[in-house]
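Asker:
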Amino acid sequence: MRKEGVAVESKSHTGRPVPQVLEFGLNAWVVDEQWRQYLDDPASVDQTWRDFFATPATLPAQQVRTATARRPDGGDEAAVRAVRVAALIHAYRVRGHLVADTDPLTPQPAAGHPELDITAFGLHDTDADEEFVVDGFAGHVTMRLGDVLDALRESYCRTVGFEYMHIQDSRERRWIQQRAESPQHRPDRAEQLQILYRLGAAEAFETFLQTKYVGHKRYSLEGGESAIVLLDALLRRAIKDGVREAVIGMAHRGRLNVLANIVGKSYAQLFHEFEDAVDIRSVQGSGDVKYHLGAEGTYQAFDGGSIAVSVVANPSHLEIVGPVAQGVVRAKQDQAADQDGPFPVLPVAVHGDAAFAGQGVVAETLNMSQLPGYRTGGTVHVVVNNQVGFTTLPAKGRSGTYATAVARMVEAPILHVNGDDPEAVDRVARLAFDYRRTFHKDVVIDLICYRRHGHSEVDDPSITQPVMYDRIDAKASVRTLYAETLVRRGDIGERQVDGARRNYRDHLERAFAETRALPAPAPAEDLPRTGAGPAAGRRTATAIDEATARRVIASQTGLPPGFTVHPRVLPQLRRRAETLDTGTVDWATAETLAIGSLLLEGVPVRLAGQDSRRGTFGQRHAVLTDRRTGAEHTPLGSLGPQAASFAPYDSMLSELAALAFEYGYAQARPEALVLWEAQFGDFANGAQTVVDEFIASSEQKWGQRSAVTLLLPHGLEGQGPDHSSARIERFLQLCAQDNMTVAMPSLPGNYFHLLRQQALDGRRPLVVLTPKSMLRSKAAVSALAEFTRGGFRPVLPDGTADPAQVTRVLLCSGKVFYDLDSHRHAAGSADTAIVRVERLYPFPDEELAAELARFPASADVRWVQEEPENQGAWSFVAPRLHRLTRRAVAYVGRPEAPAPAVGSARRHAVEQKTLVSSAFR
Numbered sequence: 011m012r013k014e015g016v017a018v019e020s021k022s023h024t025g026r027p028v029p030q031v032l033e034f035g036l037n038a039w040v041v042d043e044q045w046r047q048y049l050d051d052p053a054s055v056d057q058t059w060r061d062f063f064a065t066p067a068t069l070p071a072q073q074v075r076t077a078t079a080r081r082p083d084g085g086d087e088a089a090v091r092a093v094r095v096a097a098l099i100h101a102y103r104v105r106g107h108l109v110a111d112t113d114p115l116t117p118q119p120a121a122g123h124p125e126l127d128i129t130a131f132g133l134h135d136t137d138a139d140e141e142f143v144v145d146g147f148a149g150h151v152t153m154r155l156g157d158v159l160d161a162l163r164e165s166y167c168r169t170v171g172f173e174y175m176h177i178q179d180s181r182e183r184r185w186i187q188q189r190a191e192s193p194q195h196r197p198d199r200a201e202q203l204q205i206l207y208r209l210g211a212a213e214a215f216e217t218f219l220q221t222k223y224v225g226h227k228r229y230s231l232e233g234g235e236s237a238i239v240l241l242d243a244l245l246r247r248a249i250k251d252g253v254r255e256a257v258i259g260m261a262h263r264g265r266l267n268v269l270a271n272i273v274g275k276s277y278a279q280l281f282h283e284f285e286d287a288v289d290i291r292s293v294q295g296s297g298d299v300k301y302h303l304g305a306e307g308t309y310q311a312f313d314g315g316s317i318a319v320s321v322v323a324n325p326s327h328l329e330i331v332g333p334v335a336q337g338v339v340r341a342k343q344d345q346a347a348d349q350d351g352p353f354p355v356l357p358v359a360v361h362g363d364a365a366f367a368g369q370g371v372v373a374e375t376l377n378m379s380q381l382p383g384y385r386t387g388g389t390v391h392v393v394v395n396n397q398v399g400f401t402t403l404p405a406k407g408r409s410g411t412y413a414t415a416v417a418r419m420v421e422a423p424i425l426h427v428n429g430d431d432p433e434a435v436d437r438v439a440r441l442a443f444d445y446r447r448t449f450h451k452d453v454v455i456d457l458i459c460y461r462r463h464g465h466s467e468v469d470d471p472s473i474t475q476p477v478m479y480d481r482i483d484a485k486a487s488v489r490t491l492y493a494e495t496l497v498r499r500g501d502i503g504e505r506q507v508d509g510a511r512r513n514y515r516d517h518l519e520r521a522f523a524e525t526r527a528l529p530a531p532a533p534a535e536d537l538p539r540t541g542a543g544p545a546a547g548r549r550t551a552t553a554i555d556e557a558t559a560r561r562v563i564a565s566q567t568g569l570p571p572g573f574t575v576h577p578r579v580l581p582q583l584r585r586r587a588e589t590l591d592t593g594t595v596d597w598a599t600a601e602t603l604a605i606g607s608l609l610l611e612g613v614p615v616r617l618a619g620q621d622s623r624r625g626t627f628g629q630r631h632a633v634l635t636d637r638r639t640g641a642e643h644t645p646l647g648s649l650g651p652q653a654a655s656f657a658p659y660d661s662m663l664s665e666l667a668a669l670a671f672e673y674g675y676a677q678a679r680p681e682a683l684v685l686w687e688a689q690f691g692d693f694a695n696g697a698q699t700v701v702d703e704f705i706a707s708s709e710q711k712w713g714q715r716s717a718v719t720l721l722l723p724h725g726l727e728g729q730g731p732d733h734s735s736a737r738i739e740r741f742l743q744l745c746a747q748d749n750m751t752v753a754m755p756s757l758p759g760n761y762f763h764l765l766r767q768q769a770l771d772g773r774r775p776l777v778v779l780t781p782k783s784m785l786r787s788k789a790a791v792s793a794l795a796e797f798t799r800g801g802f803r804p805v806l807p808d809g810t811a812d813p814a815q816v817t818r819v820l821l822c823s824g825k826v827f828y829d830l831d832s833h834r835h836a837a838g839s840a841d842t843a844i845v846r847v848e849r850l851y852p853f854p855d856e857e858l859a860a861e862l863a864r865f866p867a868s869a870d871v872r873w874v875q876e877e878p879e880n881q882g883a884w885s886f887v888a889p890r891l892h893r894l895t896r897r898a899v900a901y902v903g904r905p906e907a908p909a910p911a912v913g914s915a916r917r918h919a920v921e922q923k924t925l926v927s928s929a930f931r
């Protein structure tokens with residue numbers, strides 16, 4: 011509620027209270043805001059406000075209406091007017107960015123904001139020469155009102171708009187204020203030449219490609235060339251600070267320019283890609299367009315410094331690269347822990363304005379920024395704000411004033427800067443880096459520029475934005491404008507301007523000539539098939555010795571002194587310790603043995619997911635919480651100083667960004683076992699983009715491997731259409747060229763070997779359909795011997811039926827085996843064998859053929875599954891089984907359905923009973 015005035019009692023020289031009303035009109039919110047901050051923490055407001063609030067007492071509104079106001083004496087009047095100026099300064103800090111000159115397409119800055127009009131504060135033009143107490147503003151104790159206004163406009167209304175007063179921490183606000191309100195000095199000549207060179211390089215690269223490769227899509231940076239200046243300044247600051255590496259995540263616009271002018275990718279290699287002359291056997295060339303490819307290189311500063319820098323490969327799904335890059339950075343930081351200080355790798359995310367505002371994964375990724383399992387010490391976000399998304403203008407593409415509004419949710423400062431002022435761009439880049447270094451938080455630079463061409467170079471934007479593109483067509487480039495400014499100011503001469511541009515273009519011409527002289531690439535049909543997948547690689551022993559198993563299990567009950575385990579958890583831990591002797595090792599214990607033994611072998615393990623530390627079904631308890639104190643203890647973290655790190659995290663409530671993060675983490679840290687667990691398997695639907703664009707296809711597209719492991723609880727158990735199916739069919743549909751492993755183990759021992767195999771041999775993603783009800787099934791247990799010998803078995807043979815008597819072979823995966831086996835024993839069906847297919851891809855042709863060969867050729871072979879016929883594994887296994895058996899294989903399962911399961915538990919039970927019994931008919 012906005013108030014028209016703030017009522018206070020001030021004391022006259024007689025000591026008696028004198029009621030008065032300070033009229034602030036539109037700006038009563040300023041006083042309200044300062045008052046709330048003062049009540050919360052008096053030190054969070056300036057001294058003028060503290061004095062103001064500490065001395066007078068606020069009157070109720072009804073008292074104000076009946077009070078007899080007297081004019082305060084001179085001292086009181088001065089204090090009141092000082093508060094008015096303090097309120098004016100505060101208003102500029104909050105609202106100044108709204109009238110800043112940050113839009114290069116607007117000839118004149120925005121009209122004055124009504125809340126910044128001095129009359130709204132009870133001040134007038136006639137007060138311009140009067141001295142006011144300003145409490146340190148711009149480094150002064152007192153200032154003329156006219157000077158205050160000049161300083162405010164210079165600080166907040168030029169080509170940088172500071173949006174930061176939403177930050178709750180007063181230390182951060184003051185840090186920014188000091189830098190925003192200090193006098194700004196023009197860069198020295200060397201810095202100006204560096205800026206000019208970077209602009210020239212960015213512009214020449216684009217115009218060269220436009221000339222040589224007419225009609226090719228490249229998603230140019232033209233109109234936003236200052237982004238190269240920004241990245242250059244950022245990396246130079248990083249070098250000076252001793253940062254060891256920078257990782258850039260960005261969409262396709264400007265990517266080629268960044269690869270050439272920041273990462274240092276050779277021009278010859280880039281031109282090869284335009285010539286379609288890349289060796290498609292190489293890591294970077296086999297399966298994607300040039301503006302999606304990543305690269306690694308070394309950024310070389312003009313002063314001789316350097317820093318490793320990489321750009322993460324990214325599909326056209328724009329912002330999905332953000333959490334992937336965060337995962338890469340976190341992995342690199344974890345690897346460098348205790349070596350190079352905190353957060354030695356700098357994450358930089360380059361966004362488009364429409365995508366930053368429009369794609370939900372941005373908010374998910376921002377939400378990660380301060381979470382224990384995901385924080386990377388702050389990311390510098392650069393929004394290349396073209397002021398249009400494809401053909402959609404901001405007014406139709408977002409509801410807020412700025413594309414960057416979502417960043418306020420994490421209290422990140424937002425620095426809006428005019429892309430036509432490269433010196434200001436350089437300044438905010440340095441400021442952003444310093445903020446990140448100081449507070450280890452995200453910071454956003456809103457680089458407001460334009461897009462000289464359409465969405466791509468073959469698009470005509472004047473069809474949908476004719477007025478905007480008339481302005482753009484009439485504009486000189488950023489480099490031209492800056493060069494003219496430097497010459498006009500006498501900072502440099504025309505010869506230097508022309509020489510720098512000519513040298514850069516000559517360099518491009520030489521690289522272009524060399525590219526044209528290269529021989530044509532080999533035809534695709536002459537190239538070898540992709541490398542052998544996981545099924546064909548070497549196999550490391552996955553069994554462990556008994557001593558290791560007992561050491562790992564002992565950690566489950568070896569608690570710190572005085573630690574009180576929850577009374578519902580302690581019995582589970584004690585039972586876990588007994589299972590090695592009773593031969594009843596369950597799933598949670600098998601998983602503990604797998605992870606613990608890997609840690610003892612020096613393999614780090616990361617586990618993340620919603621409720622993953624406890625486990626969705628209360629089965630894991632990777633982290634224990636003291637019932638009395640709330641202190642935490644990680645049993646597998648107590649295996650000794652020689653053991654590798656175990657990092658179990660509960661994730662935020664996200665699948666898309668969460669899985670993308672783990673994919674990136676696993677890519678950058680191949681020596682670790684990286685597990686992402688969905689709360690229920692079908693929740694992975696929310697991360698389908700990650701599955702399609704990264705997990706399934708990254709190796710084919712980019713030569714990029716990530717051995718991330720997905721744990722997806724699966725099983726139709728009467729819980730309804732949701733929480734039942736992990737959608738096996740979707741993963742199997744994507745399986746080709748040994749790109750991943752998909753498995754549905756039915757025994758804890760096999761799950762144990764599968765995890766260890768992935769950690770020790772895995773080079774590609776693993777998708778595990780994990781159990782729910784089987785977690786506590788007395789039938790689904792393993793003996794100690796299953797862990798101390800053997801390995802993962804892709805096919806589990808039937809060890810009970812007499813092969814010679816078998817007339818029916820049931821093939822299945824997962825939980826349905828136990829239903830079938832129970833029915834077989836109850837019905838006494840000695841003529842039926844049940845064979846479990848534990849690994850669905852790569853399909854175990856040899857192992858399954860060997861098992862089927864044990865039975866008569868006349869035996870009826872059937873595939874049994876719980877899922878509907880159009881779902882589950884049937885569509886994938888049917889042609890493979892037909893080729894393998896050379897006969898028809900019957901399907902047993904639910905009929906086709908649009909949903910995975912029915913909503914009624916009673917109806918589910920009837921369906922399941924019918925399904926199982928029909929398998930034996």
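Just so we're on the same page, my numbering is the position in the sequence shown counted from 1, plus 10. All residues carry an ideal CB built from backbone N, CA and C; glycine is no exception. Predicted model, so just to flag it, every value in this text is computed and none were measured.
Using three-state DSSP, classify GLU921 as helix, strand or coil.
Answerer: If DSSP states are grouped into helix, strand and coil, GLU921 belongs with the helices.
Asker: Name the one or two DSSP bridge partners that HIS643 has.
Answerer: HIS643 is bridged to LEU634.
Asker: Identify the residues that DSSP records as bridge partners of CYS822: which are they?
Answerer: DSSP, once it has assigned bridges, lists ARG846 as partnering CYS822.
Asker: So, are the CB atoms of ASP855 and ARG818 less than 8 Å apart?
Answerer: Not a contact, by the Cβ cut-off of 8 Å.
Asker: Taking three-plus beta-carbon pairs below 8 Å as touching, is the stretch 405-422 in contact with the stretch 440-455?
Answerer: Contact holds: three or more Cβ-Cβ distances are below 8 Å.
Asker: Taking the DSSP output, what are the residues bridged to VAL777?
Answerer: DSSP lists LEU720, VAL752 as partners of VAL777.
Asker: Helix or strand or just coil, what does DSSP make of GLU709?
Answerer: Note: GLU709 maps to helix in three-state DSSP.
Asker: Output yes or no for whether 8 Å exceeds the beta carbon distance between PRO333 and THR375.
Answerer: For PRO333 and THR375, yes; Cβs fall inside 8 Å.
Asker: Going by alpha carbons, who is nearest to ALA909 out of GLY106, LEU231, GLU877?
Answerer: Considering only alpha carbons, the answer is GLU877.
Asker: Can you check which of these residues, ASP748, TRP686, LEU850, is closest to GLY383 by C-alpha distance?
Answerer: The candidate whose alpha carbon is nearest that of GLY383 is TRP686.
Asker: Let me know the secondary structure DSSP gives VAL394 once reduced to three states.
Answerer: In the structure shown, VAL394 sits in a strand (DSSP, three-state: E or B).
Asker: At the level of alpha carbons, what is the spacing between VAL293 and ASP748?
Answerer: A caution first: VAL293 carries a pLDDT of 40, below 50, which makes its placement in the model too unreliable to give a value.
Asker: Would you give the residue range spanned by the alpha helix (DSSP H) that ARG585 belongs to?
Answerer: It spans 580-592 - the alpha helix (DSSP H) in which ARG585 sits, taken as one unbroken run.
Asker: Can you tell me which of the three DSSP states GLN506 falls into?
Answerer: GLN506: helix per DSSP, three-state reduction.
Asker: CA-CA distance, VAL562 and ARG447?
Answerer: The straight-line gap from Cα to Cα measures roughly 40 Å.
Asker: Please report the straight-line C-alpha distance between ALA795 and THR592, rounded to a whole angstrom.
Answerer: Whole-angstrom Cα-Cα distance: 12 Å.
Asker: Are the stretch 627-642 and the stretch 826-841 touching, with three or more C-beta to C-beta distances below 8 Å?
Answerer: Result no; under three Cβ-Cβ pairs closer than 8 Å.
Asker: Expressed to the nearest angstrom, what Euclidean distance is found between the alpha-carbon atoms of PRO581 and ARG786?
Answerer: Near 14 Å, if we compare the C-alpha coordinates of ARG786 and PRO581.
Asker: What residue from GLY368, ASP51, GLY903 has the CA that sits closest to ASN880's CA?
Answerer: When only C-alpha atoms are compared, the closest one is GLY903.
Asker: Given a cut-off of 8 Å, decide if GLN336 and PRO354 are closer than it, judged by their beta-carbon atoms.
Answerer: Going by C-beta atoms, PRO354 is not nearer than 8 Å to GLN336.
Asker: For VAL253, I'd like the list of residues in its chain whose CB is within less than 8 Å of its CB, leaving aside the five on either flank, ordered along the chain.
Answerer: So the qualifying residues of the chain are ILE317, PRO354, VAL355, LEU356.
Asker: Just verifying my parser: in three-state terms, what is the DSSP assignment at GLY399?
Answerer: If DSSP states are grouped into helix, strand and coil, GLY399 belongs with the strands.
Asker: Can you say whether PHE886 is buried or exposed, counting buried as having 16 or more other CB atoms within 10 angstroms of its CB?
Answerer: Flag for PHE886 reads buried.
Asker: Using the C-alpha atoms, what's the distance from PHE172 back to MET153?
Answerer: Using only the alpha carbons, I get a separation of about 22 Å.
Asker: Name the DSSP beta bridge partners of SER320, please?
Answerer: According to DSSP, SER320 bridges with VAL257, GLU306.
Asker: Classify GLY259 as buried or exposed, calling it buried when 16 or more other Cβ atoms lie within 10 Å of its own Cβ.
Answerer: Buried.
Asker: Let me check understanding here. Comparing Cα to Cα, which of ARG263, SER708, ALA212 lies closest to LEU270?
Answerer: Checking the displayed sequence, the identity of residue 270 turns out to be Ala instead of Leu. For the residues ARG263, SER708, ALA212, the minimum Cα distance to ALA270 belongs to ALA212.
Asker: Verify whether the separation of the beta carbon atoms of LEU634 and PRO651 is less than 8 Å.
Answerer: No; because the gap between Cβ atoms is not below 8 Å, this pair is not in contact.
Asker: Could you have a look at ASN880 and say whether DSSP puts it in helix, strand or coil?
Answerer: Three-state DSSP puts ASN880 in coil, outside helix and strand.
Asker: Do the stretch 48-56 and the stretch 107-114 make contact, defined as three or more Cβ pairs closer than 8 Å?
Answerer: The answer is no - the stretch 107-114 does not touch the stretch 48-56, with fewer than three Cβ pairs under 8 Å.
Asker: May I ask which residues mark the beginning and end of the alpha helix (DSSP H) holding ILE272?
Answerer: Element bounds for ILE272: n/a, residue is neither H nor E.
Asker: Around the C-beta of GLU932, are 16 or more other C-beta atoms found within 10 angstroms, so that it is buried, or is it exposed?
Answerer: For residue 932 there is no data in the structure shown, the boundaries of the chain being 11 and 931.
Asker: Between LEU115 and ARG481, how many whole angstroms is the CB-CB distance? I'm expecting something under 8 Å.
Answerer: Rounded, the Cβ-Cβ distance is 5 Å, consistent with contact.
Asker: Tell me the rounded alpha-carbon separation between ALA67 and GLN44.
Answerer: In this prediction, ALA67 has a pLDDT of 44, which is less than 50 and means its spatial position is unreliable; what the coordinates show is noted afterwards. So the alpha carbons of these two residues sit roughly 15 Å apart.
Asker: Return the first residue and the last residue of the beta strand (DSSP E) that TYR659 is part of.
Answerer: From DSSP, the beta strand (DSSP E) with TYR659 extends over 656-660.
Asker: Quick check: the Cα distance between HIS576 and GLY387, rounded to an integer number of angstroms?
Answerer: Taking the straight line from one Cα to the other gives about 34 Å.
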